[in-house]
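Everything on this sheet refers to the single structure shown next.
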Amino acid sequence: MTTANQNTPLLPETQRGPAERLLDLVLSGSAHLWHNRPGLDVNGTWVAAAHATPAQRTLGKPVKPGLFVPAAVRLYRQLLDIHRLNSELMAHFASYALTQTDWRDLKVATCALMLVQEHAGQPVVGEDGKVAFHDDDWRAIGEAMVLHYERKSTRMLTPKAVLRVAELLELPDIARLNREAGFGDPASRKAPMGRWKRVASRWLAAREANLPMLQGLVKAGYKETLKKLARKAGYKPRAQGFFEVLGWKQKQSEGGHRTVGLNGLTLVKSQRFDGLSEAEICEWIELERLSYKEVVGRLPKDLGMTPAIMAALLPSLSDRDLRLMTPTLEELGLLAEPSVRGRWEQAVQTATDQRALNIAKNVRSEVLRQKLEEASDNAARQAVAEATAETDVRVMFLIDKSGSMEGAIENSKEALARILAGFPMEKLHIAAFDTMGTVLKPKASNRTAVQHMLERLKASGGTTHAAGVHALHRDGVKVPEGAKLVVIVVGDEAGEAGDQFARAFRDCGYTVAALALLVSVAGGRGNTVRTCASFMKVPFSEVNVDQFADPYQVPRVLKALLDAPTQPGASQSGWVERVMRTPLLKVA
1 MTTANQNTPL LPETQRGPAE RLLDLVLSGS AHLWHNRPGL DVNGTWVAAA HATPAQRTLG
61 KPVKPGLFVP AAVRLYRQLL DIHRLNSELM AHFASYALTQ TDWRDLKVAT CALMLVQEHA
121 GQPVVGEDGK VAFHDDDWRA IGEAMVLHYE RKSTRMLTPK AVLRVAELLE LPDIARLNRE
181 AGFGDPASRK APMGRWKRVA SRWLAAREAN LPMLQGLVKA GYKETLKKLA RKAGYKPRAQ
241 GFFEVLGWKQ KQSEGGHRTV GLNGLTLVKS QRFDGLSEAE ICEWIELERL SYKEVVGRLP
301 KDLGMTPAIM AALLPSLSDR DLRLMTPTLE ELGLLAEPSV RGRWEQAVQT ATDQRALNIA
361 KNVRSEVLRQ KLEEASDNAA RQAVAEATAE TDVRVMFLID KSGSMEGAIE NSKEALARIL
421 AGFPMEKLHI AAFDTMGTVL KPKASNRTAV QHMLERLKAS GGTTHAAGVH ALHRDGVKVP
481 EGAKLVVIVV GDEAGEAGDQ FARAFRDCGY TVAALALLVS VAGGRGNTVR TCASFMKVPF
541 SEVNVDQFAD PYQVPRVLKA LLDAPTQPGA SQSGWVERVM RTPLLKVA
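Here's what the structure looks like:
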């Protein structure tokens, strides 16, 4: 839980337990560590160089593509704090991160921690000198994260992710944190790696034993990653087929002890398509089932990517690839083809993040732009559906439009436009308030309708949160028996006393299961909402409205905010309950 400037904790440090810290980690940071384009380090925050403001260019330091160290250290330190306070919660969270989320960099960070932390199944000796029992082996969870396999699933570690676990652990700042935590020899110059080399070798051995799987990874563009992985792990292949598939020529080591892959290698190399016609290249793609990554670097310079070649590559593209490549598909005229358009529209329906909003800026067609905005709405809908799958959840949004919101109300509108379209209209109730409450109803469940609904909101007047509650009650809003009510307030929470706000819910007959705050501040802020939560004895969480600018963060935050506790009167977040219910991963 963080305040608007994300520097001052809501609770004193001594009162922030592991559950509060875990929720804070999810709500206040996108856990985005690796960036594939040049950036700027602006006071510890990564900003894309191409989209930086003049002020950011002045303040920022150039950062090359790759791992952004300040974000990595910040995230890893948060994970260490949680582990230190409750190692079992951290073990469940690592299992949850891999199997229940698509947060690629968070998977890497939690896996790295689990592989090096101190609980490694050590024997514990009793007073009689005999082994009484063995400690928990949480390092086995790190191993299970690496080895976990689901065919055609995004919820497992890719070869790049397995390599990134090592790259993260080797960072000097991360190595220092691990030594300070007692995870490695404090006198050693080498970074503590825990069981990474062992499990990385086992991962590679499984792929070597299944050459079609290894070949599939090469086709997917992981050839160089696999080579780096094998070098870093010190992997010793059993047969030369491993080197042949990777097209990896071998030579004898200085010690002369190598025996595999030195003679008779038949290397599989990717040849360029120079001299081939467009038709021949398409035929080659279909015959070899080549992927986009395999083809794009082999095309003749005078030919480049053509509509026919791209059409031949479409079967190899995932739904995510299709969404990302919308501008290219538009430029090549392929979205005018019914079969391609049908596949693309299907991809729009399966979006799990809101990156399509950024892609929409690069297309010419207004129809395509609207479709990409629909993909953003679909990501929010899926997040809401997942968070409310186990329980009937009704959501009440109370939007502060008082005078203190002057300058912040526009940020609130943009955040709300990104999230409100994700809710079924029959389960969503919205009211704006100053000293009087006004019920708001979008004309449809999409981004355009939400934006239209919010257009008329202007900041003015005093602040009475209870006015929004009473307005919804007068409008006839009722919560069905057995349903859980989650209330989300948008604003700076400066208003009436918290007990008065709490009394409004009681007087209107609303039983609140959880209360959340989307912090949007123009100046100072108050404590109405959190005090209200304390009086009602319900879980309280908050997130800065700026978090919703990250297209990956929107679905994550929605899931965490909407997970109501399973037991009435529970003080703990329902999302944390869900994390603790996640089965611990086991090595097969």
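Just so we're aligned: the sequence shown equals residues 1 to 588 in my numbering.
Note that CB positions come from ideal geometry on N, CA and C, so glycine has one too.
Following the DSSP letters along the chain, one finds Ser541 inside the beta strand (DSSP E) bounded by residues 540-544. Beta-bridge annotation (DSSP): Gly437 is paired with Phe433. DSSP, reduced to helix, strand and coil, places His35 within a strand of the structure shown. Ile281 and Tyr292 have their C-alpha atoms spaced approximately 12 Å apart.
Note that the C-beta distance between Leu314 and Phe273 is not below 9 Å. Assignment of Ala504 by DSSP, reduced to helix, strand and coil, places it in the helix class.
Under the three-state reduction of DSSP output, Trp248 falls in the coil class, being neither helix nor strand. If you check the CB distance, Ala514 and Gly574 come in under 9 Å.
Apart from sequence neighbours up to five positions away, no residue of its chain approaches Glu390 with a beta-carbon distance below 7 Å. Between Ser376 and Ala336, the C-beta gap is not smaller than 9 Å, which leaves the two residues out of contact. For Gly574, there is no enclosing beta strand (DSSP E); the enclosing alpha helix (DSSP H) has its first and last residue at 574-581. The criterion of a C-beta distance shorter than 9 Å is satisfied by Glu542 and Leu27. The criterion of a C-beta distance shorter than 9 Å is satisfied by Val63 and Gly39. With contact defined as three or more Cβ pairs closer than 8 Å, the stretch 57-74 and the stretch 166-175 are in contact.
Inclusion of Ala431 and Val439 in the CB contact set at 9 Å is warranted, their separation being smaller than that value. Here His148 carries a coil assignment [DSSP, helix/strand/coil]. Annotation: the continuous beta strand (DSSP E) that includes Ala48 extends over 45-48. Within the model, the alpha-carbon separation for Lys160 versus Tyr222 is close to 8 Å. Met145 is classed as buried because its beta carbon has at least 16 other beta carbons within 10 Å across all chains shown. Gln553 is the residue among Gln553, Asn86, Gly476 whose C-alpha sits nearest the C-alpha of Ala383.
Residues of the same chain with a CB within less than 8 Å of the CB of Ile359, apart from the 5 flanking positions on each side, are Arg323, Leu324, Thr326, Pro327, Leu372 in chain order.
Ranked by how close their Cα comes to the Cα of Gly407, the residues Asp492, Leu168, Phe423 have Asp492 in first place. Cβ contact annotation for Val363 (same chain, cutoff 8 Å, sequence separation greater than five): Thr326, Pro327, Glu330, Arg369, Leu372, in chain order. The C-alpha of Lys228 is placed about 34 Å away from the C-alpha of Glu278.
Cβ contact annotation for Met396 (same chain, cutoff 6 Å, sequence separation greater than five): His429, Val487, in chain order.
Restricting attention to Ala347, Val477, Ile399, the CA atom closest to the CA of Asn378 is found in Ala347.
Judged by DSSP in its simplified three-state form, Asp41 adopts strand. Taking all protein chains in view, the Cβ of His51 is surrounded by fewer than 16 other Cβ atoms within 10 Å, so the residue is classified as exposed. Secondary structure note for Val490: it is in no alpha helix (DSSP H), and the uninterrupted beta strand (DSSP E) holding it is 484-491. Within the stretch 185-231, not a single complete beta strand (DSSP E) segment reaches 3 residues in length. No Cβ-Cβ contact shorter than 9 Å links Met114 with Pro18. Each residue's CA atom was taken as its position, placing Pro237 and Val199 some 14 Å apart.
At a Cβ-Cβ threshold of 9 Å, Ala459 and Ser534 do not count as neighbours. By the neighbour-count criterion, in which a residue is buried when 16 or more other Cβ atoms sit within 10 angstroms of its Cβ, Asn544 is buried. In this structure Pro54 is not in contact with Asn36, their Cβ atoms being roughly 24 Å apart against a cut-off of 8 Å. Here the alpha carbons of Leu226 and Gly60 stand approximately 34 Å from one another.
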